[in-house]
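**Q**
Numbering (the UniProt record's numbering), first residue to last: 1 to 125.
1) Looking only at its own chain, which residues have a Cβ that is under 6 angstroms from the Cβ of residue 50, when we skip the five neighbours before and after it?
2) Which residue's Cα is closest to the Cα of residue 94: 14, 60, 43?
3) Whose C-beta lies closer than 7 angstroms to the C-beta of residue 29 among residues of the same chain, with five residues either side of it excluded?
4) Determine the direct distance from the alpha carbon of residue 91 to that of residue 76, and round the result to whole angstroms.
5) Shortest alpha-carbon distance to residue 45 belongs to which of 99, 16, 68, 109?
6) If you check the beta carbons only, do residue 109 and residue 54 fall under 8 angstroms apart?
7) Determine the contact status of residue 89 and residue 70, defining contact as a CB-CB distance below 8 angstroms.
8) Secondary structure at residue 17, three-state DSSP: helix, strand or coil?
9) Terminal residues of the continuous alpha helix (DSSP H) containing residue 79?
10) For the alpha helix (DSSP H) containing residue 88, name the first residue and the last one.
11) Where does residue 12 fall in DSSP's three states?
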């Protein structure tokens, strides 16, 4: 059976795209949007952690937790059919940004620009 095609031609070929590709692209776009929202939520939580660490004089990075999380995520990735090395590299990319934020927060606290308790985490902002 022939694949149904969309009416819009692909610029490179002039041919129409199969409907399944368009449907999959819609799914991919939805997943990308969900990932961005999840990352934003994650960064709100890690920002709060950075505030609390700075308030309590704790270092921005926690190497022991980092090692535990890497192993945990590699196990999850393997079970999900995702390359564990990719999962580790993706996590490293995210955590590097988190640590950069924590270092900035700690420096601001040390300079007296963020004195006192951290504000409560608002997950709906």
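Using N, Cα and C, we set each Cβ at its ideal position, and we do this for glycine too. Remember, predicted model here, so these are calculated numbers, not experimental data.
**A** With the structure as the only source:
1) 101, 102, 105
2) 43
3) none
4) 12 angstroms
5) 99
6) yes
7) no
8) strand
9) 63-80
10) 84-110
11) coil
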